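Chains A, B, C and D supply the protein sequences, listed in that same order.
The opening residue of the first sequence carries number -15 in the numbering used here; numbering runs sequentially from there.
The opening residue of the second sequence carries number 16 in the numbering used here; numbering runs sequentially from there.
The opening residue of the third sequence carries number 2 in the numbering used here; numbering runs sequentially from there.
The opening residue of the fourth sequence carries number 414 in the numbering used here; numbering runs sequentially from there.
For every residue, glycine included, the Cβ atom is placed at its ideal position computed from N, Cα and C.
This structure is a prediction, so every number in the text was calculated from the model and none was measured.
This report refers to the structure that appears directly beneath it.
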Amino acid sequence: MTEVLQSTPDREELILNMGPHHPSTHGVLRFIVHTDGEIMRKAVPDVGYLHRGLEKIAELQTYPGYMPFTDRINYLEVMFTNMAYATAVEKLLGTEVPPRAEVLRVLVCELNRIASHQITLGCITMDLGAFTPFVHLLRERERINDLMEALCGNRLTFNYMRIGGVSQDVPDEWLKQLEAFLDHFEPVIDEFDSLISYNEILIKRMGEVAVICAEDAVGFGLVGPNLRASGVDWDVRRDLPYGAYPQMDFQVPVGMGEKGTVGDCFDRFIIRVEEMRQSCKILRQCLANLPEGDIKAKVPKMPRPPKGEVYSCVEGARGELGVYLISDGTPKPYRLKWRTGSFAGLSIIEHISRGLMIADLVAVIATLDVIAPEMDR
Amino acid sequence: MTPTIERGPEGGFAVGPIDGLLNLARKHSLWYLLFGTACCAIELMQTGGPRTDTDRFGMVFRSTPRQADVLVLAGTISYKMASRIRLLYDQMAEPKYVIAMGSCANTGGLFQESYAVVKGGDLFLPVDVYIPGCPPRPESLCEGLMLIQQKIEREPWLKKAWGKYKSDKPDPMPTEGCEPLR
Amino acid sequence: MTTASKEICKKLADKLGVVLDFREEAGDPWALIPAERWKQACLTARDEPELSFNFLRSLCGVDRPDDGVIEVVAHLFSYQHRHALVIHTNTDRSASRLESVSSVWPAAIWHERETFDLFGVDFTGNPDLRRILLPEDWVGHPLLKDYEEPDSYRGIPTTRPGYEKKKFGPQLKKPAPKKPAPKVEKKPEGGEAPKGTAGSAEQK
Amino acid sequence: MGSFSEYLANIGRSIVTLGDGLAVTFSYLLRKPFTIQYPDRTEKPVVAMLPERSRGILEIDINVCTGCSICAKQCPIDCIHIEVVKDEETKQRVLKRFDIDVAKCMFCGLCVEACPVSGLRHTHEFEGSMSDVHRLMLSFVDKPQPVAKPAKKDEPAPETKPVGSIVRKLLADWWKPANPTSGGPR
Chain A
-15 MTEVLQSTPD
-5 REELILNMGP
5 HHPSTHGVLR
15 FIVHTDGEIM
25 RKAVPDVGYL
35 HRGLEKIAEL
45 QTYPGYMPFT
55 DRINYLEVMF
65 TNMAYATAVE
75 KLLGTEVPPR
85 AEVLRVLVCE
95 LNRIASHQIT
105 LGCITMDLGA
115 FTPFVHLLRE
125 RERINDLMEA
135 LCGNRLTFNY
145 MRIGGVSQDV
155 PDEWLKQLEA
165 FLDHFEPVID
175 EFDSLISYNE
185 ILIKRMGEVA
195 VICAEDAVGF
205 GLVGPNLRAS
215 GVDWDVRRDL
225 PYGAYPQMDF
235 QVPVGMGEKG
245 TVGDCFDRFI
255 IRVEEMRQSC
265 KILRQCLANL
275 PEGDIKAKVP
285 KMPRPPKGEV
295 YSCVEGARGE
305 LGVYLISDGT
315 PKPYRLKWRT
325 GSFAGLSIIE
335 HISRGLMIAD
345 LVAVIATLDV
355 IAPEMDR
Chain B
16 MTPTIERGPE
26 GGFAVGPIDG
36 LLNLARKHSL
46 WYLLFGTACC
56 AIELMQTGGP
66 RTDTDRFGMV
76 FRSTPRQADV
86 LVLAGTISYK
96 MASRIRLLYD
106 QMAEPKYVIA
116 MGSCANTGGL
126 FQESYAVVKG
136 GDLFLPVDVY
146 IPGCPPRPES
156 LCEGLMLIQQ
166 KIEREPWLKK
176 AWGKYKSDKP
186 DPMPTEGCEP
196 LR
Chain C
2 MTTASKEICK
12 KLADKLGVVL
22 DFREEAGDPW
32 ALIPAERWKQ
42 ACLTARDEPE
52 LSFNFLRSLC
62 GVDRPDDGVI
72 EVVAHLFSYQ
82 HRHALVIHTN
92 TDRSASRLES
102 VSSVWPAAIW
112 HERETFDLFG
122 VDFTGNPDLR
132 RILLPEDWVG
142 HPLLKDYEEP
152 DSYRGIPTTR
162 PGYEKKKFGP
172 QLKKPAPKKP
182 APKVEKKPEG
192 GEAPKGTAGS
202 AEQK
Chain D
414 MGSFSEYLAN
424 IGRSIVTLGD
434 GLAVTFSYLL
444 RKPFTIQYPD
454 RTEKPVVAML
464 PERSRGILEI
474 DINVCTGCSI
484 CAKQCPIDCI
494 HIEVVKDEET
504 KQRVLKRFDI
514 DVAKCMFCGL
524 CVEACPVSGL
534 RHTHEFEGSM
544 SDVHRLMLSF
554 VDKPQPVAKP
564 AKKDEPAPET
574 KPVGSIVRKL
584 LADWWKPANP
594 TSGGPR
């Protein structure tokens, strides 16, 4: 908002400010765009507008007391941040999580993944000018919010997981409600496909735009759907299995270059649609084999993990979500670092924005699925 | 709304009913700025979504501050963002209202110990309505917006603009004489 | 995990020609790399076919005021061999400086910027070393254990009236005497990167 | 010529796919509406429609509270303020203050899990918008009263007030114009 227009006559370059309040940027996020006419020379991201010092707060909180704060690392994938933190502490403590809790964790994670992708897909279409699909997806997301509220008590900041398990068992009626939701939602994905996914205008906006090759994707540390769209077949759930994922049967969609080149915006879009289908598949498996038993292992009220450090990662909706935790034997963490997908995802924008049209920048931001709190923490 | 006759410079003016009419119009076209900083932004989107359809009250989101009446402080405000929010607020046209949505905008909420978070939106903006919740439900935000409507309803701003309003009395609070929703 | 890491570490040490300090505590084991061999070790880790760590998971700092060092920790991962390695290095706390690995992995540019922002580690060779998360005129590096918050920032009080606030840093560490010494030395270093304005100097 | 036919084909595909999308949109004209007509045009109040575990504004039944302060210790952000003093005459512990700062609370539920007598609980209430942030500091103790004794094993648990009634009354009190603290400049 400040230095809005600024032209340098000798180079015929216009510096254009975009954000931090801009309806198309995801959360508060600013770009300084160097343009030559309609073409961008480069777009330099400026982040930190939502830096909240969550890593410092971890050093002031006890291990269980930090759990609600993990909800706010990324409000769209709360279950994953909960789980990444819980598994990190469990690894240090050497706690075994009961099988029922493991399956419940997978269940809520996949439900959360669907909710997160709904917002992402809705934002992509909204950024490209189609508002209606966004409203459709908000409507479906409302159903997931209801399910989550019935299970954990809150619509967005669930605070569901605990060190050693989960906080509450599923209510009796809940599994039936979930099944009803799945029966309802699977056709909705197909409906979404015919609503917008294969719309020619959307394809023209996204196909062949901002191609990220596999080498760049790995070098810049892209993870999750963004990495897979570039043709790297890698999924933490399948390749470094954790929790109850080894028991699950699912495919990992990889970018095919369906409407252009492998690694373009359309690949990043369509992979997320496919991942929602796979999540539904995993949810059905969870429903079919939910074991009986405890939901929480015995963990002391004020755990003091032994001296040491651990890196624990889960596959979040935006890819590998890692927690690096150092313990010094006291009830408070010595240092906690979050490794998130959006931070790496945004760092590539300066590199790939060269030569793109200004209007394509929103498509790039939207399909890379960057979320402000995850970058800034 | 009791009709009142005010003396203008040239003669009589029935300002009271006009005020009422204008307020009625303003009340039912409450446009809020589509602007969220953190978690509450998702609930702000859901509020505009199909479940709690705020379009029913004439509340539509606008993308530019120049067209907006209400600024919803949806989420945590960092120091880096605070000056930008102030700028957005300054760009809005009078009369304008501010809603602090959620604990972070109310008091800083759970980020009391953070070095980078402003402890409450009212430290740098005049806030009209505070909504508790972390994040508040869409219905909660709806209630907050309706409180702003109630506040608009009894605002003598035309009289004030005419210079005839006795300003020794403070502006009526939104809760004064209002009815609870339920 | 442990044996695999030990072998990887041994391979890396052979290529570098130094003996690495390999530590095993609870959780993940890690190797300590001398600061002057940092970039060389990273290059070797990436290019050696047996190692081929092509993915920099994260790079971050850890403040150890008791030892007088700021550790820089890198988590490496290889998609080909599916193995991981954690390497640490120590930099002097009073004048922390380290060679940048941004030419090894482009992802390191932003990770190093973040470490610079929060810890004040100066990465020589990073093409774009400036504050990333905090405003340009911020004073100090908040993730240092002895960071003390000013009373106000740009006229906004940092504590809400009527609310008490837990103090940062000094309360965290039990032994008190160690802090003043590095902090005084730290100040000019932290002050040079953000242009120390008159207003921010007053707050300090 | 090839490029021209491609151009026309593009337009054709756009129209067809747009038609597909619009067909989906129009089909929603015939489906059941999804909107809940908050606040008044619902079959029952929205508060009653919320699921059992929904975490709304906190409340404490002080007739049950033993003044053990576990909840205040559990709270990661110290938004519960309890003051218990010992009465010199009756040798009883007296609950002087039980305030919950709803403006700061993050609704995580850790305190409710910790409460040994289930006196502290999340209600379903969510309508607490205020024009003054200080009013969101809810005080549950009007005048000091002795703390409850924890129930013995064979005794029945003491009766608690219905969930939500306390906080609803407390919030409604603020709306009364007679309240001396209401109104006034911001």
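Local Cβ density within 10 Å of residue i, reported as buried at 16 or more and exposed below that
i              : result
E194 (chain B) : Low confidence applies here, because E194 (chain B) scores a pLDDT of 43, under 50, leaving its location unreliable; read the following figure in that light. Answer is exposed; the Cβ neighbour count stays below 16.
S418 (chain D) : exposed
E193 (chain C) : Caution applies to E193 (chain C), whose pLDDT of 38 falls short of 50 and renders its modelled position unreliable; the value that the coordinates give is listed next. By the neighbour-count rule (16 or more Cβ atoms within 10 Å), E193 (chain C) is not buried but exposed.
C10 (chain C)  : buried
T141 (chain A) : buried
R212 (chain A) : buried
V498 (chain D) : exposed
Y50 (chain A)  : buried
P284 (chain A) : exposed
V150 (chain A) : buried
F439 (chain D) : exposed
Beta-bridge partners of residue i, as assigned by DSSP
i              : result
W111 (chain C) : Answer by DSSP bridge pairing: none, since W111 (chain C) is not bridged.
E299 (chain A) : A:E304
K26 (chain A)  : A:H18
I495 (chain D) : D:F511
M550 (chain D) : D:D514
A32 (chain C)  : C:F23 and C:I88
F78 (chain C)  : C:F56 and C:A85
S178 (chain A) : S178 (chain A) pairs with nothing; no bridge assigned.
D34 (chain B)  : Paired residues: none, contrary to the question.
P559 (chain D) : D:V507
L88 (chain B)  : B:A115
Cβ-Cβ distance between residue i and residue j below 8 angstroms
i              : j              : result
T147 (chain A) : V73 (chain A)  : The amino acid occupying residue 147 (chain A) in the given sequence is Ile; Thr does not appear at that position. A contact, by the Cβ cut-off of 8 angstroms.
V73 (chain C)  : T116 (chain C) : yes
Q235 (chain A) : Q262 (chain A) : yes
A56 (chain A)  : P357 (chain A) : Checking the displayed sequence, the identity of residue 56 (chain A) turns out to be Arg instead of Ala. Yes.
G32 (chain A)  : D360 (chain A) : yes
A485 (chain D) : I493 (chain D) : yes
L533 (chain D) : C488 (chain D) : no
L13 (chain A)  : P29 (chain A)  : yes
A281 (chain A) : T79 (chain A)  : yes
M107 (chain B) : P80 (chain B)  : yes
P158 (chain C) : L138 (chain B) : yes
Contact list for residue i against chain A, beta-carbon separation under 8 angstroms
i              : result
E26 (chain C)  : P290, K291, G292 and E293
I57 (chain B)  : Y59, L60, I103 and L140
I133 (chain C) : V31 and G32
Contact set between residue i and chain C, taken where Cβ atoms lie within less than 7 angstroms
i              : result
S331 (chain A) : A108, I110 and W111
8 angstroms contact criterion, which residue i and residue j should meet: CB distance rounded
i              : j              : result
I310 (chain A) : M24 (chain A)  : 41 angstroms between Cβ atoms; not a contact.
H35 (chain A)  : K95 (chain B)  : 7 angstroms
S97 (chain C)  : G126 (chain C) : Going by Cβ atoms, the distance from S97 (chain C) to G126 (chain C) rounds to 15 angstroms, so no, they are not a contact pair.
G148 (chain B) : F539 (chain D) : 6 angstroms
G203 (chain A) : A108 (chain C) : 7 angstroms
D233 (chain A) : E192 (chain A) : At roughly 34 angstroms, the Cβ-Cβ gap does not stay under 8 angstroms, so D233 (chain A) and E192 (chain A) are not in contact.
C157 (chain B) : T52 (chain B)  : Not really, about 20 angstroms apart at Cβ, beyond 8 angstroms.
8 angstroms Cβ cut-off: residues of chain B touching residue i
i              : result
E126 (chain A) : Q61, G64, P65 and R66
S427 (chain D) : Near S427 (chain D) there are no residues of chain B at all, since even the closest Cβ is about 26 angstroms away, more than 8 angstroms.
P136 (chain C) : Y94 and K95
H35 (chain A)  : S93, K95 and A131
Partner residues on chain B for residue i, Cβ-Cβ distance less than 7 angstroms
i              : result
H5 (chain A)   : F50, R99 and L103
E115 (chain C) : Near E115 (chain C) there are no residues of chain B at all, since even the closest Cβ is about 13 angstroms away, more than 7 angstroms.
V12 (chain A)  : T52 and M96
9 angstroms Cβ cut-off: residues of chain C touching residue i
i             : result
F76 (chain B) : Those within 9 angstroms of F76 (chain B) in chain C number zero; the least Cβ separation is about 27 angstroms.
8 angstroms Cβ cut-off: residues of chain C touching residue i
i              : result
V133 (chain B) : I157
Per-residue contacts from residue i into chain D (C-beta, under 8 angstroms)
i              : result
I180 (chain A) : G434
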